[in-house]
Structures are given as C-alpha cells and as structure tokens.
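**Q**
Number of protein chains: 2
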Amino acid sequence: MADQTPPAPVVDVPALNALLDGTYVEVRNLTRKRLVEHAGVLDDQREMGRTEFRERVKDVVVELAGTGQTGLGFPTEYGGGGDIGASVAAFETMAFGDLSVLVKVGVQFGLFGGAILQLGTKRHHDAYLRDLVAADLMGCFAMTETGHGSNVQALGTYAKYDLETREFVITTPDDAARKDYIGNAAAHARVAVVFAQLQIGGQSEGVHAFVVPVRDEHGAVLPGVRITDDGPKIGLNGVDNGRIAFDGVRIPRENLLNRYADVTETGVYTSEIENPDRRFFTMLGTLVQGRVCVGGAGINASKVALSIAVKYALGRRQFGNPGGGEELLLDYGLHQRRLFPLLARTYALHFAQEVLAGQLHAVFSATDEVDERTRRALESRAAGTKALGTWHASETIQECREACGGAGYLSANRFDALRADTDVFTTFEGDNHILLQLVAKGLLTDYSSSFGELDQLGMVKLVAGIAVDTVIERTAVHKLLERIKDVIPGWDDDSSGDVDAGLLDPEYHLTMFRWREEHMLSGVARRLKRGMDRDMEPAEVFSRCQDHVIGAARAHVERLVLEAFVAKVAAMPEDDGTGNKTALNLLCDLYALSRIEADRAWWMEHGRLSSQRSKAISREIGALCRSLRPLAESLVDAFGVPEEMQATEMLAPGTNEARDLKQGRTHA
Amino acid sequence: MADQTPPAPVVDVPALNALLDGTYVEVRNLTRKRLVEHAGVLDDQREMGRTEFRERVKDVVVELAGTGQTGLGFPTEYGGGGDIGASVAAFETMAFGDLSVLVKVGVQFGLFGGAILQLGTKRHHDAYLRDLVAADLMGCFAMTETGHGSNVQALGTYAKYDLETREFVITTPDDAARKDYIGNAAAHARVAVVFAQLQIGGQSEGVHAFVVPVRDEHGAVLPGVRITDDGPKIGLNGVDNGRIAFDGVRIPRENLLNRYADVTETGVYTSEIENPDRRFFTMLGTLVQGRVCVGGAGINASKVALSIAVKYALGRRQFGNPGGGEELLLDYGLHQRRLFPLLARTYALHFAQEVLAGQLHAVFSATDEVDERTRRALESRAAGTKALGTWHASETIQECREACGGAGYLSANRFDALRADTDVFTTFEGDNHILLQLVAKGLLTDYSSSFGELDQLGMVKLVAGIAVDTVIERTAVHKLLERIKDVIPGWDDDSSGDVDAGLLDPEYHLTMFRWREEHMLSGVARRLKRGMDRDMEPAEVFSRCQDHVIGAARAHVERLVLEAFVAKVAAMPEDDGTGNKTALNLLCDLYALSRIEADRAWWMEHGRLSSQRSKAISREIGALCRSLRPLAESLVDAFGVPEEMQATEMLAPGTNEARDLKQGRTHA
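This is the structure in structure tokens:
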C-alpha cells in the first residue's frame, strides 16, 4: 500500500481559500487589504529603535481603529460592529502581519475594551467605550503581578473602600504585587483596568476590577502611580509593556466595574452570585474571547511560516541528481516529513478554531441566558485550543526556520519576528500547562464545579470526593471497544494478518483518539482518589499526577480537533469538480496518523496498537507525504497569506521552480 | 520502588565544578574572568544599534586577542599557545558570555585562522598567522554560497589559472554562487579565504581554498569585489555577516592554500592525494575543530539557561499550599519533569564533549601521521556531537524560557539573546541533518570510504555495493542479546514478574542503546540495498530511507554520549567524602531512562521493551526527579556560570528562597 501513490488531485486554490475563510470571508479579505497597506512596518521595524517602533505601532493601531476594523466586537451604539464572530475573524487574520500591531490591538480592544464591556455597566460603557473603540482613549489591563502570574486569586494589590470619602484606595503592598508585563502601560495607556482585592472594613471580598486613571491627557503619569518600563523583550518590542505600582491611589466608588458585584455608598457589598469563587470565575469567564483570539493568531502565524518554508523548498536545490542538477529540497523524504505533518495539523487546528469561534459567537450573541455548563465548556475549549494552537505555532515556525537553513536566519525572511513575537503566546493569556489543567478539571467534574480554573488543590479534593465510578461510567471505553471491533475487525489484534486494515478510515482514527482520552481521564480520576485515600498531602498528590492530568487534557483537545477536521471534510460535497475534498482527506489522514505516531508508545503500552500496526502507520505517513508533495504549494497558497507578508530575500535568483509551479508547470 | 526516595546526597559544589572543568580548569577560570570583565556587552547590546553593536563586539574580540585567550590553538612561534585542547576549552567557556563575541572569535580564529593554518603552508603562515592571532588582520571564511549551502563540492565560484600572468582569476558566475552569510564580511574582514573551483586550461580540479584580499587597510572594498550586508538576523547581530561576489579578481599564484595541492607556474596541477574526492574531504577534515567548538558552545549555553531556570523555580511560588503560602515551582512534578531530564542530558553531553575534545587534541597534536580511519572517526564523532549538542541547546533554552513565564520573555533575563544567538547553531557549520547523514555513512562503510561526507547518492551506491552481511556481522545484535540475558534475567520478557529488575543498572541502559543502534544500522543497510536491487533511482531510495538513516546515526551518537557518562561516573572513587558520585549516578540514570522513554515506542515495536516495563521506566523517571529535587541548585551551581552571566531581573524581591538555599538552608 505504502508503495502505490495514486494520481494527485488538482487543488482549486480559490475554492479552498473560500472554504478556509468561511463565514467571514469579507472581513478577512478586508483585513488582508489593511495589512498590505501597512506592510511597511514589517521591514521598517528592523532598523527602528524601540521607542520609534512603539510609536509606529501605535499609529498603525489608531489608523486601523479609524477604519472600524478593530471595533467589530463592540456594540454599534458605541461605534462598534456588533459582531463577535467578525471581530475574531479580523483578529486572526491580522496574525499574518506584524504581531506587535496584533498584540497592541488585543491589549486595547480585547483586554482593556473587553473588560470595560464585560465587567462594567452602562455608566462605564457610556464613559469609555466610544473613545476606546476609536483609540482616542488608550488603556491597559492590569491583572498579572510579578509574584503571581497564573494565580490571579492570590493577587497582592488591594482596593480598600474608604467610607468617608466614598472612594477606593488602590495600594501595591510590595514588589511581588506590582503589576507586570502590562501592555500599553509603559507609554500609551491613560487608564488601567486594575484587578485588586476588594476590602471593606477589614473584610476581603476577593478580586474585582477597577478603572484607574494612570496618565493625564498629556501623557504624564499621575501622582501615586509608579510606572517603569519592562525594557526590551524577546519579541513584540512594538508593544510598550511595563510595571505599575499604586501608592494609595484614590478613585471614585463608581470606578468599580460592577456588573457582577457592587459596593453601596455605605460600604455594603452586594452581588447576585453568592459563592465568591463562582463570582470570580464568572467574571474571568467573560474574558474568554482573548484566549480564543490568541489561539487563532498562533494558528495563522503558523500559516505564514509554512507558506515561506514550502516555497523555499520548491525553489532550492540540494545535492546532485544523476538526472542532472540538484534535487529540490521538497523532494527529500525527510523534508516532507518535517513540513507536511505540520501543514496537516495547521489545517486541523484551523477547522477546530472555526468551531470554537462559532461557539463563542453563539454564546456571547445569545439573547437568552446561556447556562453555566455551556459557558464552562466554551471556556475549556478555548483554553485547550489556545494551548495546542500556540504550541503548534512555536513548533511550526521553528521547524520552518530550520528547514530554510541560513536564509531562514535572516530577519528579512520573517522567521525572526514570527518566532520571537509568538514565543510568549504559550505563556500569556494563561500558561499553556495551567490551561490544560483547567481543561482536565472541567472533564473530571463534568463542568459542574464552582471551583476556579486555577485552583489545583481544590481540584484534587473535588475529584477525590466524586465517585470515581462516575467518571469511568461517563468515559465509556468498553462501549467504544465493542463498536470499533464491528467497524474494523482485528484492529487491535496482531494475528489478524492485515495490519493496514482501516488505517485510512476516519472511524478508526476517531476511535483511537476517543479511547485514549477516556482511558487517561478515568486513570487520572483513580490516581487522584487513591492518593487522597492514602492521606497524602493534596499538593503531593497533584504534583505526582500532574503530567497525567495534562496528558488527559491534551488527549481531549486533540480529539476535538480531529472531530472538527473529519466533520468539515465529511460535509463537503462528494464531487464539486475540484480535487479539494480528496486533498483535505489526505491532510486529515496525515493529521490523525501523525498524531497517533507521535504518541504511539502510549497506545502500545495500553494494548491498543500492535508493533506491526505501529510500523504500518509510519509507512503510511511516508506514503501520504509523497501523495501530498505535488499539492504542497496549492495547499499553502489556499491560506491566502498576502505576498507582502512573506519572505523577501528567500530564493536565489535563477531558481525559477517556484514561479514555474505557480504557472502550472510541474517539476515533480 | 518509585515511591521510596532515599536520603539526598550532599553535593560538594567546588569538587563537582573541578570535575566538570577537567584538565583545563585554569584556562576555563581565566576565560570566566575575562567574560566577567566584558559582561557589560550583555546589557549594552539591548540598547545599541546594529552598527554600534558590531563595533563593540569587534573591540571585545581584539581585547581578548591581546590577552592570548583566543590564540591558544596556534603555534607558539606565531604568538599562539600551542595547545589545541586548551583552545577548545576556552571557546566552550566563552559560550557563557555574549555569543556574538563567541561567534566572531570562531570566525576570526577558528574558520579564517584555522584555514590558513591547516590548508596553507609556511609561506602563508609567515604572511598571516602572527597578525591574525593578534587580530590586527581580520579575515573571513568564504565557503557557503546562496544556492549551495551544505553541498560544498557543487560551489559555483571558480578560480581560473592565467598562465600568462601566473595569477588566479576569481569569478562569481551568478547570484546563486555569491558567498553568503559570511561572518566578518560585511564590515571588518580585509582578507577572505575563498573556496572556489580550480580551473586550469578548461579542466576543473575541484574545490580549493585561496587567500583573496577584499578590503584595503582603510577598510575600503577593493575593485572587483562586491560586498553587501546580510542585514538584521534572528540573533548574533554583533557579527557582520555579508555576501561577497567577485568580478574577475586577480590574485598571485602563491595565494592558493597549497598544503594538499598546488599549481606550478606553468599550470601543472599536483597533489599527493590522487582521488579528487578524497583530497577534497581531507582538506575539509582538517577544519573539524569548528564543529567540535560549536557543539561545546551549545552545551555550555544550555548550562546558562538551566542555571537561570532552576534558580527562578526556587524563588517563585505558585498557587496555594494548605501548609501556608504557595508552592515553589520546582516542587511541582511537571516542572521537575520539564527541567531535570534536560539537566541530566547537559551533564551527559558535557562528558561526551570532553571525550571528543580529548580525541581532537590527540589527533591534531600527534607527531606521527594519524591514520585516515582515526581521522574519519573523529570527524564523524564531531559531526554527531555537534548535532546533538546544538539541538539540545535549542530545546533546553526554549523549555527554560517557557518555565520562567513572562519573566523569561524579558531580554534582561538573557533567554532572548541565548535563544536567538544559538538558534543558527543547528544549521551552521553543517546542517544537523546533513551531519547525521555523514555519521551514518561512516558507520555503514566502517569509515573506509573515500567518498565525501555530503554525497548522499554516492552513499546509496556504496552501501548497496557492500555485502549487507558485513554490516550485520559487525553489528552483532545477537551476541548482545545473549550477554544481556546473563546480566539481567528476563529483561525483555513480560512474564518475568519483576518489571523493575535492573532498571537502574548501567549495563541495562548500555545494552538497550547498543541494541537500538545496531538494529537500526543493519536495517538501513538492508533497505538501501533492497532499493538498489529493485532498480529504483538512488535519489528515490535515499529519499525514502532518509529518516531511517538519520535515526540510526542519532542512535549511534546517543550511545557514545551514554558511554562517556557511564565511564566518567565509574571512574570516580567510590567514597571521596562527598555525595557527588551518588548525584552523578542519579543524573546518569535519569539521562539513560529519559532517552529510553523518549524513544520507547521504537523499542516496543522491536520487541525489546514490554508495555509493563515501559510504564515502569516512566515511574522511575518521576522518582529520580524527586530524588534530584534537593540537589538541583548545587547541580547547576557546579557548572560555574558566573553570576554576571545570569538573569538580572528574575526574582521578585521578597522571595528569598533562592538566597537561603545558597546559604545552606532548605525549603524542601
């Protein structure tokens, strides 16, 4: 089987591009146009000092705001576009361009604007939204502290209610509690949304958000506010990250963002949500769009890298070929093996992201109240997709840069900024490991818990308190096994003779992914419970199971990604006159099999993969790569990354293969 | 077994540091001192423009040259130190500091100086060595071309002998043949060693090296030479990389570096080495020190990253602990799992590098002629260690940066430059994949071939021509199996009952590594031969086996690394009054088991690891990590990375754990 390569389907690039762009094709095309208009920032930044680069990025953001491009998610009455889904599509597409611009847009409109919109009430909307949507009022989102990164509930900054003056007094008690890595803080923000412990009469009510002015209209830092610059960073140097500390800064009572809780003039704390943990995570949950956007940006940054690397490999020859000339890099089996599984995973993640963005739009555009379980499931899916999408970006961009050798090391060819700028995606908007713990918690408790996303010890206790049987019952491994045996006889059986049976059957892939997820999940539940039964410290129990917890979550998200890809391909018409469905089927098979291969040890350890079949999977991956070889350029062209966003000094003049291929000639 | 943690040994940091520094402790300490003197360049570069940074780096290089630090490998009669081993030790240690300085030193003294020394004869030594050792004459090494990266034999630049004027005429025929990524070219080199096709009367004699002046004493580019700047790069922006093209530049006949071949005045080509391939690779082989140095630098850069990340994890708390306060990051099982296997591999690679540097010193300091097989084995080992050492650096620095979250993203905390500067290590001085192909070729042909390192198709034909039995006989898998069954009964047998038997026995580890290597190697030989027997195109045969070829080479190098580590620990006295041997044993076990775990699927596929034992290995790794937890800070301190080279804005003030630990107090 592995030796027979069927004739290559012909990809219809515009049609595939339209499929990828989906519902928001117009928004995406408009964004591409804007990016091309501002493409100069990609080159110019390499010769700019940090201050100049920051100003340039700010200018671009202000110009984009003027086009309405960045305000699509805000209500129309404040100058926005009133369409959450469109705003996500625009943001994702902006990841083709400069990522400092992207992140500054995220800070201003997503984090700062999102907090005002979601946590504030009409008085805050009236006061700030129109100006911030127009980028007349720049703001920042002051949550993270130097000593408390992912553990937001433990923040040190506090806001004490002063009954006499009816003000809150914001204080940074020590350097560990200073706000840190805050985008827009070092130069441009006039206002900060500050997360702080609300204190009334010696009583702490937990973390709440407050609007705190930090600069006057001339940009001078206000009294009681100390701001320092975080200085140069690995990337994103067009964004002015800084540290903020508050020395008893007074703000009016009305500056509490009071959608979920309020303090009366007389200092009485009120909230419709009684449980403080639940209240806190309800507030945080409204900010989920940020994670959806970062994950989507990571996936799209990967598309840029793959577009460059595939074209380079089609323009660059290496070593002698007896037929004359050197071989194209992309004709090497290893080169295909390095790039094509990443290409397949990029497609897979794209479609998974499309499902997620659709769910986000549905939940946040719903006119009826959305139940809490649905919200939690959305948050979990956003967390998991963000983790996988951003790790994927790091891996893909790095592999693509190495696959371009010395040329990949030159800043002009874009991997420099791509890699450096996306690097922090894996740790901001929630460290990826912590996010996967959140996913696992949701799965183990069936999203029923009011416990916070980040409280690991709470999770241990909670799971230990649940009957493990419940988890096991839900994760119906035994039923799956029965089913798959009907579908593919002998699939997990050495003696069946045909190790290739069903290798390209999506039912086989799905069953493998589902079985792993459910087996890992019930295993984690057992281990957590056993540890607690033995009277171990919860911290110790958690520490020992942590990689298992994260593995289970990852298996879950990978299953969601595969399901999204399989469903997308299945929904395409059987014969639309193009080879697009055939091509996507090849990619989907490659995605599934290369993920199985990557974790094949696990399936072998658990008796679900024979060594013969494991080797057959590796052979099949080689065959799929060869089948995809003639389609590679069309498959990256379909991403629609504008040429101006790609490499500028990549091909040696005189090597015209890439251009020829574009014109339909073939060198395969 | 996995649940019992024995009492932690006490590491004697100075003694362990002395063990790591080895023979060249004085050279290493002197280098540390010089680095500290020039530590300012680490901070200052972040605010410098590229031109200024390049000049600063040049100044540091010139100052270092003045101390004799950079000329240790040159003959004493030209102002050098006459000690190859010492020069490698100094270079490796310089990797603790700024890596632009390191690479510029490598370009000037290693590549440029090394080519003059190794490929030239007395007239070249007399003319250039003293000045270049003193850094009065800056030069560059013009080998790589835009269109011909790793395939040096296919270079396009040519040097035509003009019988009338007794000159060579150097010409760049097209843009693909321009010299590219050449360090020192864009600003500082006055002379280039140019690799070009030697042509005499229409006959090509293959690639040779020529000394070509490129700038006058005022720094003006000479007529006929075109130099352009490669511009900004991902990292190493203190090094002036550029492109050079030659328009019929004339140089005297004597500028041919003629140690291995010469041209008489009358245009007769002479060489003691008849076979042109053998001649070419003999020339290249003399330049092996560059690869040894880059590998060592990668390993030492990893030490910097681990020193920073381990200390951060001992100073940073995260999430609630019922006992009060938050947990230290390093108490999390996942955090240990992320950092400690990399720490163990750094130690392993360090000792493997020590063996390699010792062999290099022996071969290049030998007074008798060294046989060709020994030289080839050295080149192969250098290639393999460079590949593994530099990939390890990329992986380790990235993991460490992520393990430090937002703090790791700030340039002040060093991961920025560390990551960006080392990134190209994986593709320069030979792309790592190509280097592993060289290793495989040597193994398959038992270093007997006169074929070049880079000719893949030659390799296919050659191997196909050898009786596969020869390879299989040499790779005596069956004998190994017999032996191990005596050592550890039931080691590959599910039914033995005790899956933990011998898990910590170095004989078990070594046998696993050796078995994999030999099995993969004989498998590759069979596949190559089978392809040729079927009349497939050699290019196609190679393309399909390429990942297998590289896998075999990697398995070989990993075996060498493990052997070096095991031998080092075995040679330590049983009881020297410290816990150092116990600590290194833990690290060595962790190295071996974590490598087995990483590739456990392979062993399972090949029936050498039961699923039960595979799981036991993962458990044991967890236990080893817990045992290493109390030793972690001592184990990174023993690297002896000067404090000035570490992070500057890492710990939140008020978290004193790291300092306390240094003073002997424990928080474990």
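Respectively, the protein sequence lines represent chains A and B.
So in our numbering the end of the first sequence lands on 668, straight run, no missing numbers.
So in our numbering the end of the second sequence lands on 1336, straight run, no missing numbers.
Even glycine gets a Cβ: it sits at the ideal position worked out from N, Cα and C.
Any beta-carbon of chain B closer than 8 Å to the one on A:Ser411?
**A** For the purposes of this step, residue 411 of chain A is identified with residue 411 of the first sequence, where counting begins at 1. So, interface residue.
**Q** Expressed to the nearest angstrom, what Euclidean distance is found between the alpha-carbon atoms of A:Gly248 and A:Glu254?
**A** Here the question's residue 248 of chain A lines up with position 248 in the first sequence. Here the question's residue 254 of chain A lines up with position 254 in the first sequence. Their backbone Cα atoms lie some 17 Å apart in a straight line.
**Q** Which full runs of the beta strand (DSSP E) of 3+ residues lie inside the segment 183-218 of chain A, going along the chain?
**A** Segments of the beta strand (DSSP E) lying fully in the segment 183-218 of chain A: 191-200, 203-213.
**Q** Just the chain B side, please: which residues come within less than 9 Å of A:Gln546 by C-beta, in chain order?
**A** The count along the first sequence starts at 1 and reaches residue 546 of chain A at position 546. Chain B residues near A:Gln546: Tyr1000, Gly1001, Leu1002, His1003, Arg1005.
**Q** If you reduce the DSSP assignment to three classes, tell me which class B:Val1167 lands in.
**A** For the purposes of this step, residue 1167 of chain B is identified with residue 499 of the second sequence, where counting begins at 1. Of the three classes helix, strand and coil, the one that applies to B:Val1167 here is coil, per DSSP.
**Q** Find out if the Cβ-Cβ distance for the pair B:Val879, B:Leu823 is shorter than 8 Å.
**A** In the second sequence, counting from the first residue as 1, residue 879 of chain B sits at position 211. In the second sequence, counting from the first residue as 1, residue 823 of chain B sits at position 155. Not a contact, by the Cβ cut-off of 8 Å.
**Q** Should B:Asp1099 be flagged as near chain A, meaning a C-beta pair shorter than 8 Å?
**A** Along the second sequence, one-based indexing puts residue 1099 of chain B at 431. It does: the Cβ of B:Asp1099 has a partner Cβ on chain A nearer than 8 Å.
**Q** Measure from the alpha carbon of B:Ala1284 to the alpha carbon of each residue in B:Arg1222, B:Asp1168, B:Asp1243, then state which is nearest.
**A** The count along the second sequence starts at 1 and reaches residue 1284 of chain B at position 616. The residue with the shortest Cα to Cα distance from B:Ala1284 is B:Asp1168.
**Q** Can you name the residues that DSSP bridges to A:Arg243?
**A** Counting from one through the first sequence, the residue named residue 243 of chain A turns up at place 243. For A:Arg243, which the question treats as bridged, DSSP gives the partners A:Thr228.
**Q** Just how far apart, CA to CA, sit B:Gly1057 and B:Leu1017?
**A** Within the second sequence, numbered from 1, the residue matching residue 1057 of chain B stands at position 389. Within the second sequence, numbered from 1, the residue matching residue 1017 of chain B stands at position 349. If I take the Cα positions, the gap works out to 7 Å.
**Q** Taking Cβ positions only, does A:Val424 come closer than 8 Å to chain B?
**A** The count along the first sequence starts at 1 and reaches residue 424 of chain A at position 424. Output row for A:Val424: interface = yes.
**Q** Around the C-beta of B:Val936, are 16 or more other C-beta atoms found within 10 angstroms, so that it is buried, or is it exposed?
**A** On the second sequence, residue 936 of chain B is found 268 positions in, with the first residue counted as 1. Under this definition B:Val936 is an exposed residue.
**Q** What separation, rounded to the nearest whole angstrom, lies between the Cα atoms of B:Gly1308 and B:Asn685?
**A** Counted from its first residue, the second sequence places residue 1308 of chain B at position 640. Counted from its first residue, the second sequence places residue 685 of chain B at position 17. Taking the straight line joining both Cα atoms gives about 6 Å.
**Q** Counting contacts by CB-CB distance shorter than 8 Å, is A:Asp494 in contact with chain B?
**A** For this step, residue 494 of chain A is matched to residue 494 along the first sequence. The pLDDT assigned to A:Asp494 is 47, lower than 50, so where the model puts this residue is not dependable, and the model offers no usable value.
**Q** In whole angstroms, give me the CA-to-CA distance for B:Gln1004 and B:Arg1268.
**A** For the purposes of this step, residue 1004 of chain B is identified with residue 336 of the second sequence, where counting begins at 1. For the purposes of this step, residue 1268 of chain B is identified with residue 600 of the second sequence, where counting begins at 1. Approximately 20 Å between the Cα atoms of the pair.
**Q** At 7 Å on the CB atoms, spell out the chain B contacts of A:Ser543, in chain order.
**A** Numbered from its first residue, the first sequence carries residue 543 of chain A at position 543. Residues of chain B passing the Cβ test: Asp999, Tyr1000, Gly1001.
**Q** Would you tell me roughly how many angstroms separate the C-alpha atoms of B:Ala707 and B:Gly774, rounded to the nearest one?
**A** Here residue 707 of chain B is taken as the residue at index 39 of the second sequence, counted from 1. Here residue 774 of chain B is taken as the residue at index 106 of the second sequence, counted from 1. Straight-line Cα distance between these residues: approximately 19 Å.
**Q** At a CB distance below 7 Å, what residues from the segment 1277-1288 of chain B approach chain A? Give them in sequence order.
**A** Against chain A - using a Cβ distance shorter than 7 Å - the residues of the segment 1277-1288 of chain B are Ser1279, Ser1282, Lys1283.
**Q** From the DSSP secondary-structure annotation, give me the bridge partner or partners of B:His816.
**A** The residue given as residue 816 of chain B occupies position 148 in the second sequence. In the DSSP output, where bridge partners are listed per residue, B:His816 has B:Glu813.
**Q** Are the Cβ atoms of B:Val1031 and B:Arg1041 separated by less than 8 Å?
**A** Numbered from its first residue, the second sequence carries residue 1031 of chain B at position 363. Numbered from its first residue, the second sequence carries residue 1041 of chain B at position 373. For B:Val1031 and B:Arg1041, no; Cβs fall outside 8 Å.
**Q** Determine the burial state of B:Ser872: buried for a count of at least 16 other Cβ atoms within 10 Å of its Cβ, exposed for fewer.
**A** In the second sequence, the residue the question calls residue 872 of chain B occupies position 204. So B:Ser872 counts as exposed.
**Q** In chain order, what residues of the same chain have a beta carbon less than 6 Å from the beta carbon of B:Leu1252, not counting five sequence neighbours either side?
**A** Working through the second sequence from its first residue, we reach residue 1252 of chain B at position 584. Same-chain partners within the cutoff: Val1237.
**Q** By the criterion of Cβ-Cβ separation under 7 Å, what are the contact partners of B:Tyr1015 in chain A?
**A** As a first step, residue 1015 of chain B is located in the second sequence; it is residue number 347 there, counting from the start. Residues of chain A passing the Cβ test: none, with the nearest at roughly 22 Å.
**Q** Are the C-beta atoms of B:Thr1095 and some chain A residue less than 8 Å apart?
**A** As a position in the second sequence, residue 1095 of chain B is number 427, starting the count at 1. Yes, B:Thr1095 counts as interfacial toward chain A.
**Q** With DSSP as the reference, label A:Thr582 as helix, strand or coil.
**A** Start at 1 with the first residue of the first sequence, and residue 582 of chain A comes out as number 582. In this structure, A:Thr582 counts as helix in the three-state DSSP scheme.
**Q** How is the beta strand (DSSP E) around B:Lys828 delimited, first residue to last?
**A** If you number the second sequence from 1, residue 828 of chain B lands on position 160. Note, B:Lys828: beta strand (DSSP E), 826-830.
**Q** Whose Cβ in chain A lies nearer than 7 Å to the Cβ of B:Met666?
**A** Lying outside 669 to 1336, the shown extent of chain B, residue 666 of chain B is not represented and no answer is given.
**Q** Relative to chain B, which residues along the segment 549-577 of chain A have a C-beta separation below 8 Å, given in chain order?
**A** Answer set for the segment 549-577 of chain A: Ile550.
**Q** From what residue to what residue does the beta strand (DSSP E) around A:Glu167 run?
**A** Taking the first residue of the first sequence as 1, we reach residue 167 of chain A at position 167. 167-171 is the extent of the beta strand (DSSP E) around A:Glu167.
**Q** Suppose the cutoff is 6 Å on Cβ atoms and the five residues either side in sequence are ignored; what does the same chain contact list for B:Gln1027 look like?
**A** Locating residue 1027 of chain B in the second sequence gives position 359, counting from the first residue. So the qualifying residues of the chain are Leu1046.
**Q** Given a cut-off of 8 Å, decide if B:Gln776 and B:Asn734 are closer than it, judged by their beta-carbon atoms.
**A** Within the second sequence, residue 734 of chain B is the residue found at index 66, counting from 1. Within the second sequence, residue 776 of chain B is the residue found at index 108, counting from 1. Here the sequence assigns Gly to residue 734 of chain B, which means Asn is not the residue at that position. No, these two residues do not count as a Cβ contact at 8 Å.
**Q** Can you say whether B:Ala1075 is buried or exposed, counting buried as having 16 or more other CB atoms within 10 angstroms of its CB?
**A** The sequence position of residue 1075 of chain B within the second sequence is 407, counting from 1. B:Ala1075 should be labelled buried.
**Q** Could you give the DSSP three-state label for B:Pro920: helix, strand or coil?
**A** If you number the second sequence from 1, residue 920 of chain B lands on position 252. B:Pro920 falls in the strand class under three-state DSSP.
**Q** So what's B:Glu942 in DSSP terms, helix, strand or just coil?
**A** Here residue 942 of chain B refers to the residue found at position 274 when the second sequence is read from its first residue. Residue state, collapsed to three classes: coil.
**Q** With a floor of 3 residues, list each beta strand (DSSP E) that falls wholly inside the segment 1072-1100 of chain B, ordered by position along the chain.
**A** With a minimum length of 3 residues, no continuous beta strand (DSSP E) run stays inside the segment 1072-1100 of chain B.
**Q** Could you check the C-alpha separation between A:Val304 and A:Arg414 for me, to the nearest Å?
**A** The sequence position of residue 304 of chain A within the first sequence is 304, counting from 1. The sequence position of residue 414 of chain A within the first sequence is 414, counting from 1. One C-alpha to the other measures close to 9 Å.
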